[in-house]
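Below is one structure, written out as structure tokens; the observations come after it.
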Amino acid sequence: MLDRVPVNGVPLERGLKLSDRVHSHLSILTEVRVVVAGVGNLLRGDDGFGVKVVHALARREAPAGVLVMDVGIGGIHLVQELFEATDALVVVDAVELGRPPGTLAVIRPSVREPSGPDDLADVHYANPERALMLARALGVLPEAWLVGCQPLDAERLGEGLSEAVAAAVEPAAFEIRRLVSGLGIEWRA
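Residue 1 is where the sequence shown starts when you use our numbering, and the numbers rise one by one after that.
Structure representation (structure tokens):
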């Protein structure tokens, strides 16, 4: 169930709960590794949301154990990074939520099994869903969260986010730091 909570005037839908398996797994580790991956295309308007968020996060040094990466539209780099032991993955992207533009949601994505070779036949894995499917098929997909933002128009050609989506960048960065802190790595604002 998702709770709607406004964050800095931006609607947020939140549904965070660590599974018992992750919680016990993280508590016995001496070093936790979390990958925060911003996906999207800066040349397609609001589709660049995830990339803008990780750029905002990168303006301050991330704590030890956190890798912030700009995946862009090449998800294969994310899959390759997950071959390093990773405890949690946070994907940041523009997502169709059926909500007003700029609405944020923190959700646990369901990653389906590939239904056939065509699901894994993407050379660059530009679609985040396919990249996560490949990671799952390869056995390297850790516990994952998606920080998504409802775009105004993710298909528009051109640089720059819409006003509503641009206003959600810093609140999304805040939620990511809060989520990572809940995973055992303190990340101050």
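Note that beta-carbon positions come from the ideal geometry of N, C-alpha and C, so glycine has one too.
Asked                                                                                                           : Found
Delimiting residues of the beta strand (DSSP E) encompassing Ala94                                              : Ala88 to Ala94
Rounded straight-line distance, which links the Cα of Val95 to that of Pro11                                    : A caution first: Pro11 carries a pLDDT of 46, below 50, which makes its placement in the model too unreliable to give a value.
Residues near Gln150 in its chain [Cβ-Cβ closer than 6 Å; skip 5 each side]                                     : Leu97, Arg99, Pro101 and Thr103
Buried/exposed call for Leu138, threshold 16 Cβ in 10 Å                                                         : exposed
Inside the segment 121-158 only - beta strand (DSSP E) runs reaching at least 3 residues                        : 143-149
Val53 versus Gly45 - alpha carbon distance                                                                      : 14 Å
Cβ-based burial, Glu175 [other Cβ within 10 Å; buried from 16]                                                  : buried
Sequence-distant residues of the same chain with beta carbon closer than 6 Å to Ala88, five excluded per side   : Val34, Pro142, Glu143 and Leu183
contact_flag[the segment 163-174, the segment 55-74] where n(CB pairs < 8 Å) is 3 or more                       : yes
Residue burial classification, Ala85 (beta-carbon count within 10 angstroms, cutoff 16)                         : exposed
Alpha-carbon to alpha-carbon, Trp187 and Pro63                                                                  : 6 Å
Alpha-carbon spacing of Leu43 relative to Leu157, whole angstroms                                               : 6 Å
Runs of beta strand (DSSP E) lying entirely within the segment 34-112, each at least 3 residues, in chain order : 34-39, 66-72, 88-94 and 104-107
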